[in-house]
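Mapping the sequence shown onto this note's numbering, position 79 (from 1) lands on 469, and the numbers just tick up by one.
Reviewing the structure listed below.
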Amino acid sequence: MIRTEELTLFDQVNGVDRDRLEESLRAIYGPAVYTDYQQAQLLYAYPSAETPPPANSEIVLLGEVLEGDRYAYWLELAANPQGVVYSGRAIVFLKEDLPLLRRYLTGFNGFPEIGS
391 MIRTEELTLF DQVNGVDRDR LEESLRAIYG PAVYTDYQQA QLLYAYPSAE
441 TPPPANSEIV LLGEVLEGDR YAYWLELAAN PQGVVYSGRA IVFLKEDLPL
491 LRRYLTGFNG FPEIGS
């Protein structure tokens, strides 16, 4: 059984944005998974007011973790200091692995749960 799949986009010419990641999800996984993603509930988002990015960071990570009916999703964009995003990734994983990801994000990065 496959527990997780990750797709990474890198484009220095045109950049990468959320729309391209979402379109890639639709094209690769089909309408059923894409619809599950579109209807998924936001669980985590970063950076936030509670966890701003480090001031001296060369890369700012912008991410979201969502829970759908079938799968969970983790989208992340990496912006340079000028705010230009050249790379992004979308990870589709089993919902049963959400507690492990939550421990990782809470323990390692201190990302709070949405609504807490």
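Don't be surprised by glycine CBs; every beta carbon is placed ideally from N, CA and C.
Bear in mind the structure is a predicted one, so any value in this text is a computation, not a measurement.
Legend entry - Given Gly476 as reference, the closest of Tyr427, Glu395 and Val403 once Cα atoms are compared: Walking along the sequence shown from the start, residue 476 turns up at place 86. Residue 476 is actually Tyr in this sequence, not Gly. Looking at Tyr427, Glu395 and Val403, the one whose alpha-carbon comes closest to that of Tyr476 is Val403.
Legend entry - Other residues of its chain near Tyr419: CB distance less than 7 Å, five sequence neighbours each side excluded: The count along the sequence shown starts at 1 and reaches residue 419 at position 29. Contacts found: Val482.
Inset, instruction - Determine the burial state of Asp426: buried for a count of at least 16 other Cβ atoms within 10 Å of its Cβ, exposed for fewer. - result: Here residue 426 refers to the residue found at position 36 when the sequence shown is read from its first residue. Under a 10 Å Cβ-count criterion, Asp426 is classified as buried, with 16 or more other Cβ atoms of the shown protein chains found around its own Cβ.
Inset, instruction - Starting from the Cα of Gly453, find the closest Cα among Arg393, Leu465 and Ser447 and give me that residue. - result: For the purposes of this step, residue 453 is taken as residue 63 along the sequence shown, with counting starting at 1. Cα-wise, what sits closest to Gly453 is Leu465.
Inset, instruction - Reducing DSSP to helix, strand and coil, say where Gln428 ends up. - result: Within the sequence shown, the letter at position 38 stands for residue 428. In the structure shown, Gln428 falls within a helical segment according to DSSP collapsed to helix, strand and coil.
Inset, instruction - Quick one: using the 10 Å Cβ neighbour count with 16 as the cut-off for buried, is Gly478 buried or exposed? - result: For this step, residue 478 is matched to residue 88 along the sequence shown. Gly478 comes out buried.
Inset, instruction - Quick one: grab the DSSP three-state call for Glu413. - result: Numbered from its first residue, the sequence shown carries residue 413 at position 23. Helix, per DSSP.
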